[in-house]
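Trainee:
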Amino acid sequence: MPVGGEQYGAWYDHAAAEAAVAFFPTYLRHTEAQWWGQPFHLAPWQAKIVRTVFGWKRADGTRLIRELYLEVPRKNGKTEFAAGLSILMLIGDGEFGGQVYSAAVDKDQAKIVFNKASVMVGLCEELMQAVEVYKTSLYCPELAASFKPLSAKPGSKHGFSPSGGIYDEIHEWPSGDLQDVVHKGAIARRQPLEVYTTTAGEYGKGYGWEVHERAVAILKGEVIDPTFLPVIFAADPEDDWTDPATWAKANPGYGVSVKADFLTTECANAQGKLRKEADFKRFHLNLWVDQVITTGLPMDKWDACRVTPVTLADLAGRPCWGGLDLSTTTDLTALCLVSPKLDGAGYDVWWRFWLPVSSDRDLRERCKRDRVDFAKWITEGWICQTEGNTVDYDVIRAEITGQGEGAAQLGAWTPITEMVDLKELAIDRWNSSQITTQLTNDGVTMVPFGQGYASMSAPSKEFERLIIAGDLNHGGNPVARWMATCVAYDTDGRDNIAPVKPDRRGTPKRIDGIVAGTMAVGRAMVAEPGGGGIEVPEDYEVPTA
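Using the numbering used here, you'd call the opening residue of the sequence shown number 25 and step up by one each time.
Shown next, in the form of structure tokens:
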């Protein structure tokens with residue numbers, strides 16, 4: 025008996041449980057791959073779920089369990105199972121005027137379960153006689169019951185009376201508003217059943233995480249709710265993600281629908297690639313990752329890249345490619361130079377940071393806000409403090425070329441262009457026209473560099489590869505290291521990535537140095553003889569289809 029079931033007078037209806045299990049191979053056929061058209065014999069784990077949901081009753085004979093949460097890795101037959109459950113709810117419950125819905129974050133996703141159910145009906149002569157199949161609905165005339173796909177736009181869904189709901193891939197749902205509407209609409213039904221299906225998503229975010237946490241609390245016994253059945257197949261975070269034993273643990277369909285050779289290939293492809301590793305853990309081990317935009321850089325690899333200290337003098341006379349990430353007003357501005365190593369593959373890397381400070385109090389407040397010791401870094405020479413409330417572009421220009429109004433403030437500083445052979449300087453083309461024009465007039469080859477996926481993806485991947493390979497000697501710059509711990513990588517879903525802050529709204533985290541370094545590496549890639557860099561046209565945009 026589910027824990028707490030006694031409060032409902034729970035009892036087990038063996039005949040009802042077995043009838044529900046038998047419904048699948050009797051009336052339903054598989055819709056994919058080598059199983060197409062074959063009777064839908066439930067796997068042991070699926071049969072256990074069906075027996076539990078349809079077998080346990082309340083004292084009045086209605087279903088005890090009103091919510092099923094199924095969280096399982098990809099390719100374990102989750103969608104096929106959900107489609108079968110939807111047909112069982114449509115006609116097997118005998119609910120007159122029943123309304124079953126497949127809901128998802130958008131209409132196309134909602135149609136996936138619905139379309140499978142439609143195919144299942146079409147593959148069974150008995151079901152075809154009982155159910156009418158339409159483009160956007162299944163209808164059972166004998167019960168006046170229907171099954172329809174539903175998108176996650178709750179505003180237009182009030183006033184209906186669902187008897188069943190399939191909530192597909194809820195890790196993608198930004199909120200539970202639609203579920204709330206369906207749940208409240210089902211209040212007049214005798215035994216409504218809501219089925220949540222999902223693969224793991226982003227740790228701590230979205231409606232999927234909310235329901236996941238509820239399920240975990242019930243599994244741990246922290247919450248008693250016999251009406252909610254939580255079923256989670258997943259590896260544990262501490263498990264070795266490369267071990268086939270872990271794969272078998274997380275995947276109930278391992279060896280059947282989930283092939284060992286497929287996971288072997290996927291695992292090999294993910295080695296040393298953070299985003300692919302995160303995707304493997306999420307999609308194939310059902311682990312909620314810290315961010316779907318995955319944590320940016322492996323700090324153990326970063327720390328191992330400190331080969332020797334790197335000063336501007338160390339780059340004297342050497343070819344360098346630069347990236348300049350300008351702050352809008354009051355924040356850090358970063359310049360990064362990369363130069364091919366003299367004794368092997370990769371680059372030596374040097375950064376220069378500028379921070380506007382108006383007073384000692386201002387500096388203290390900045391340290392408190394960003395939770396780092398800017399004052400120490402200024403004292404140690406890692407950051408150049410400029411006077412005033414906003415960034416002084418004249419100082420930046422002067423330090424690069426020795427020209428302009430800021431030149432009088434240089435003191436003993438030797439302009440960068442007099443120290444190194446600066447081949448190109450990449451700069452974000454947004455809000456940088458003035459300094460770009462000035463530096464161009466000073467003789468610097470300026471390259472506008474977009475911050476979107478098209479421009480940033482290849483350089484970002486190369487930047488990460490260099491770190492993992494130990495080929496990016498950053499000299500132990502503590503400001504750059506701090507920024508490396510802050511960066512994350514967003515993806516457009518087409519394997520294109522770009523560096524971002526994990527939370528762009530009000531976060532104390534800064535990534536300017538990593539952005540500047542990525543742009544510098546991007547230009548160096550283009551310059552490499554026969555290199556892997558691709559010259560991206562300035563107006564190029566990633567295709568949307």
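Cβ coordinates follow ideal geometry from the N, Cα and C atoms, glycine included. Values in this document were obtained by computation on a predicted structure and should not be read as measured data.
If the criterion is Cβ atoms closer than 8 Å, does the pair threonine 103 and lysine 159 meet it?
Mentor: Numbered from its first residue, the sequence shown carries residue 103 at position 79. Numbered from its first residue, the sequence shown carries residue 159 at position 135. In this structure, threonine 103 keeps its C-beta atom at 8 Å or more from the C-beta atom of lysine 159.
Trainee: Under a three-way DSSP split, which group does serine 248 fall into?
Mentor: Numbered from its first residue, the sequence shown carries residue 248 at position 224. Per the sequence shown, the amino acid found at residue 248 is isoleucine instead of serine. Under the three-state reduction of DSSP, isoleucine 248 is assigned to coil, being neither helix nor strand.
Trainee: Which complete alpha helix (DSSP H) runs does the stretch 159 to 237 hold, if anything under 4 residues is left out?
Mentor: 201 to 209
Trainee: Just curious, the beta strand (DSSP E) that serine 126 is in, first and last residue?
Mentor: Looking up residue 126 in the sequence shown gives position 102. Per DSSP, serine 126 belongs to the beta strand (DSSP E) from 123 to 128.
Trainee: Tyrosine 278 lies in the alpha helix (DSSP H); which residues open and close that run?
Mentor: On the sequence shown, position 254 is the one that residue 278 refers to. Careful: tyrosine 278 lies outside any alpha helix (DSSP H) and carries neither H nor E.
Trainee: Can you tell me which of Ala212, Ala239, Leu350 and Gln62 puts its alpha carbon nearest to the alpha carbon of valine 219?
Mentor: Position 195 of the sequence shown, counted from the first residue, corresponds to residue 219. Of the candidates Ala212, Ala239, Leu350 and Gln62, the one whose C-alpha sits nearest the C-alpha of valine 219 is Ala239.
Trainee: Out of curiosity, what's the CA-to-CA distance linking valine 247 and phenylalanine 257?
Mentor: Within the sequence shown, numbered from 1, the residue matching residue 247 stands at position 223. Within the sequence shown, numbered from 1, the residue matching residue 257 stands at position 233. Roughly 20 Å between the two C-alpha positions.
Trainee: With DSSP as the reference, identify every bridge partner of proline 97, one or two as the case may be.
Mentor: The residue you call residue 97 lines up with position 73 of the sequence shown. Answer by DSSP bridge pairing: none, since proline 97 is not bridged.
Trainee: So which of Phe78, Leu114 and Leu359 has the shortest CA-CA distance to leucine 253?
Mentor: Here the question's residue 253 lines up with position 229 in the sequence shown. Comparing Cα positions, the closest option is Phe78.
Trainee: Let me confirm a value: phenylalanine 120 is counted as buried when at least 16 other C-beta atoms fall within 10 Å, else exposed. Which label applies?
Mentor: As a working note, residue 120 is residue 96 in the sequence shown. Phenylalanine 120 is exposed by the Cβ-count criterion.
Trainee: Rounded to the nearest angstrom, what separates leucine 393 and alanine 399 at their Cα positions?
Mentor: For the purposes of this step, residue 393 is taken as the residue at position 369 of the sequence shown. For the purposes of this step, residue 399 is taken as the residue at position 375 of the sequence shown. In the sequence as presented, leucine is not what sits at residue 393; that position holds arginine. Their backbone Cα atoms lie some 13 Å apart in a straight line.
Trainee: Go ahead and pull the three-state DSSP assignment for glycine 530.
Mentor: Position 506 of the sequence shown, counted from the first residue, corresponds to residue 530. The predicted position of glycine 530 is uncertain, since its pLDDT is 48 and thus under 50; a value taken from the coordinates is nonetheless stated next. Coil.
Trainee: Starting from tyrosine 513 and walking both ways along the beta strand (DSSP E), at which residues does that stretch end?
Mentor: Taking the sequence shown and counting its residues from 1, the one referred to as residue 513 is at position 489. Element bounds for tyrosine 513: 512 to 515.
Trainee: Can you give me the Cβ contacts of isoleucine 407 inside the same chain, cut-off strictly under 8 Å, excluding the 5 residues immediately before and after it?
Mentor: Start at 1 with the first residue of the sequence shown, and residue 407 comes out as number 383. Excluding residues within five positions, the ones whose Cβ falls inside 8 Å are Leu356, Phe377, Trp378, Leu379, Phe398, Trp401 and Val503.
Trainee: Determine the closest residue to methionine 443 out of Ser481, Asp384, Phe487 and Arg342, with distance taken between C-alpha atoms.
Mentor: Here residue 443 refers to the residue found at position 419 of the sequence shown. Closest option to methionine 443, Cα to Cα, is Arg342.
Trainee: Grab the span of the alpha helix (DSSP H) containing proline 49 for me, first residue to last.
Mentor: On the sequence shown, position 25 is the one that residue 49 refers to. Per DSSP, proline 49 belongs to the alpha helix (DSSP H) from 38 to 51.
Trainee: Consult DSSP for asparagine 139 and reduce its assignment to one of helix, strand or coil.
Mentor: Here residue 139 refers to the residue found at position 115 of the sequence shown. The three-state secondary structure of asparagine 139, taken from DSSP, is helix.
Trainee: For proline 268, which three-state DSSP category applies?
Mentor: Position 244 of the sequence shown holds residue 268. The DSSP-derived three-state label of proline 268 is helix.
Trainee: Where do the N-terminal and C-terminal ends of the beta strand (DSSP E) with proline 343 fall, by residue?
Mentor: To locate residue 343, count along the sequence shown from 1; it is residue 319. Per DSSP, proline 343 belongs to the beta strand (DSSP E) from 343 to 349.
Trainee: Can you tell me which of the three DSSP states proline 322 falls into?
Mentor: To locate residue 322, count along the sequence shown from 1; it is residue 298. Coil.
Trainee: Kindly give me the distance between the Cβ atoms of glutamate 429 and aspartate 418, rounded to whole angstroms, as I take these residues to be in contact under 8 Å.
Mentor: Within the sequence shown, the letter at position 405 stands for residue 429. Within the sequence shown, the letter at position 394 stands for residue 418. With a Cβ gap of about 5 Å, glutamate 429 and aspartate 418 count as contacting.
Trainee: Between the Cα of alanine 210 and those of Tyr231, Glu226, Ser199 and Gly188, spot the shortest distance and give me the residue it belongs to.
Mentor: Translated into the one-based positions of the sequence shown, residue 210 becomes position 186. Cα-wise, what sits closest to alanine 210 is Gly188.
Trainee: Per DSSP, proline 472 is paired with what?
Mentor: What you label residue 472 is simply residue 448 of the sequence shown in a count that begins at 1. When beta bridges are read from the DSSP output, proline 472 appears opposite Ile451.
Trainee: Please state whether DSSP places proline 523 in a helix, a strand or coil.
Mentor: Your numbering for residue 523 matches position 499 in the sequence shown. Of the three classes helix, strand and coil, the one that applies to proline 523 here is strand, per DSSP.
Trainee: Taking the continuous alpha helix (DSSP H) assigned at alanine 478, which residues delimit it?
Mentor: Within the sequence shown, numbered from 1, the residue matching residue 478 stands at position 454. 477 to 493 is the span of the alpha helix (DSSP H), which, as asked, contains alanine 478.
Trainee: So for asparagine 293, helix, strand or coil by DSSP?
Mentor: Taking the sequence shown and counting its residues from 1, one reaches residue 293 at position 269. It is helical.
Trainee: Residues bridged to isoleucine 256 by DSSP?
Mentor: Looking up residue 256 in the sequence shown gives position 232. Glu95, per the DSSP bridge assignment.
Trainee: Taking just the CA atoms, how far does leucine 359 sit from glycine 541?
Mentor: By one-based count along the sequence shown, residue 541 stands at place 517. By one-based count along the sequence shown, residue 359 stands at place 335. Straight-line Cα distance between these residues: approximately 8 Å.
Trainee: Given 8 Å as the limit, is there contact between the stretch 269 to 282 and the stretch 86 to 104, that is, 3 or more CB pairs closer than that?
Mentor: A contact exists between the stretch 269 to 282 and the stretch 86 to 104.
Trainee: Determine which residues share a DSSP beta bridge with isoleucine 580 and list them.
Mentor: Given a span of 25 to 569 for the chain in the structure shown, any question on residue 580 remains unanswerable.
Trainee: Between alanine 548 and tryptophan 345, which are expected to be in contact by the criterion C-beta below 8 Å, what is the C-beta distance as a whole number of angstroms?
Mentor: As a first step, residue 548 must be located in the sequence shown, where it is residue number 524. As a first step, residue 345 must be located in the sequence shown, where it is residue number 321. About 4 Å separates the two Cβ atoms, so the contact holds.
Trainee: Rounded to a whole number of angstroms, what is the C-alpha to C-alpha distance between glutamate 562 and glycine 537?
Mentor: Here residue 562 refers to the residue found at position 538 of the sequence shown. Here residue 537 refers to the residue found at position 513 of the sequence shown. Residue placement at glutamate 562 is flagged as unreliable, the pLDDT there being 38, under the threshold of 50; a coordinate-derived value is accordingly withheld.
Trainee: Counting only the same chain and skipping the five closest in sequence on each side, list residues whose C-beta sits under 8 Å from that of isoleucine 491.
Mentor: Counting from 1 along the sequence shown, the entry for residue 491 is found at position 467. So the list reads Leu321, Pro322, Lys325, Trp326 and Cys329, once near-sequence residues are dropped.
Trainee: By a C-beta neighbour count over all protein chains shown, 10 Å radius and 16 as the cutoff for buried, is threonine 464 buried or exposed?
Mentor: Position 440 of the sequence shown, counting from 1, holds the residue named residue 464. Threonine 464 is exposed by the Cβ-count criterion.
Trainee: Using a Cβ-Cβ cutoff of less than 8 Å, which residues in the same chain neighbour arginine 306 once the five nearest sequence positions on both sides are dropped?
Mentor: Residue mapping note: residue 306 aligns to position 282 of the sequence shown, counting from 1. Thr223, Ala224, Gly225, Trp312, Val313 and Val316.
Trainee: Can you confirm whether the stretch 257 to 270 touches the stretch 103 to 112 when touching is taken to mean that 3 or more C-beta pairs between the two stretches lie within less than 8 Å?
Mentor: Not touching, per the Cβ criterion.
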